[in-house]
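Below you'll find the structure, written out as structure tokens, and then a few comments.
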Amino acid sequence: IMSSFFFFGFDILSQLPYLQIVDLTLQKIGISYHYNMMSKGLLKVSDLVYFMSVSLLFIKLTEVVIKNKNT
Numbered sequence: 025i026m027s028s029f030f031f032f033g034f035d036i037l038s039q040l041p042y043l044q045i046v047d048l049t050l051q052k053i054g055i056s057y058h059y060n061m062m063s064k065g066l067l068k069v070s071d072l073v074y075f076m077s078v079s080l081l082f083i084k085l086t087e088v089v090i091k092n093k094n095t
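Under our numbering, read the sequence shown as residues 25 to 95, first letter to last.
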């Protein structure tokens with residue numbers, strides 16, 4: 025569910041009229057912005073750092089869930 029929100033949710037939020045002030049920021053938080061840049065053949069360090077950070081975030085969240093289930 026969270027990964028779907030990261031992929032689609034931030035793009036949808038950025039298209040809302042009352043969030044136009046921060047639309048580019050919301051797009052950059054989402055996965056699809058970075059994926060689209062990489063699919064064009066542009067390998068930027070910021071995109072790689074983004075994917076590593078998101079991966080580490082989900083790994084840590086998984087650890088927390090597993091620890092909570094074991095206690």
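For glycine and all other residues, C-beta sits at the position ideal for the given N, C-alpha and C.
**Q.** Those runs of the alpha helix (DSSP H) which lie wholly inside the region 33-64 and span at least 4 residues
**A.** For the region 33-64, the continuous alpha helix (DSSP H) assignments of 4+ residues that do not extend past its boundaries occur at 34-38, 47-53 and 55-63, in sequence order.
Q) Alpha carbon to alpha carbon, how far is glycine 33 from valine 78? A) Linking glycine 33 to valine 78 through their CA atoms gives a straight-line distance of about 15 Å.
Q: Please classify isoleucine 90: is it buried, with 16 or more other beta-carbons within 10 angstroms of its beta-carbon, or exposed?
A: With fewer than 16 other beta carbons inside 10 angstroms of its own, isoleucine 90 counts as exposed.
Q: Alpha carbon to alpha carbon, how far is tyrosine 57 from valine 88? Give it in angstroms, no decimals.
A: Looking at the two C-alpha atoms, the distance is approximately 28 Å.
**Q.** As assigned by DSSP and simplified to three states, the class of isoleucine 90
**A.** Assignment of isoleucine 90 by DSSP, reduced to helix, strand and coil, places it in the helix class.
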